[in-house]
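Here the structure comes first, spelled out in structure tokens, and everything after it is commentary.
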């Protein structure tokens, strides 16, 4: 039974960087993982960050960090 879907191994990386470009955190998963789930699993406390930019995969981030923009 072939569903027609392409099967491949995936890796997802999440980087948290400062406004100066300094890498604060780098998390990688080798299994499929939703962006927000990876963020929660990484247990990163980004504290009083001035501005947070994330893509639409981070829905719900604004509930944790009101200053986030997705």
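Numbering (the numbering used here), first residue to last: 69 to 138. For every residue, glycine included, the Cβ atom is placed at its ideal position computed from N, Cα and C.
In the three-state reduction of the DSSP assignment, residue 131 falls in the helix class.
The beta carbons of residue 107 and residue 121 sit no closer together than 9 Å.
If you look at residue 93, you'll find it in the beta strand (DSSP E) that goes 91-97. Only exposed fits residue 100, as fewer than 16 other CB atoms lie within 10 angstroms of its CB.
For residue 126, same chain residues with a beta-carbon under 8 Å away, outside a window of 5 residues either side, are 103, 104, 107, 136 and 138 in chain order. In this structure, DSSP gives residue 80 an extended state, which the three-state scheme calls strand.
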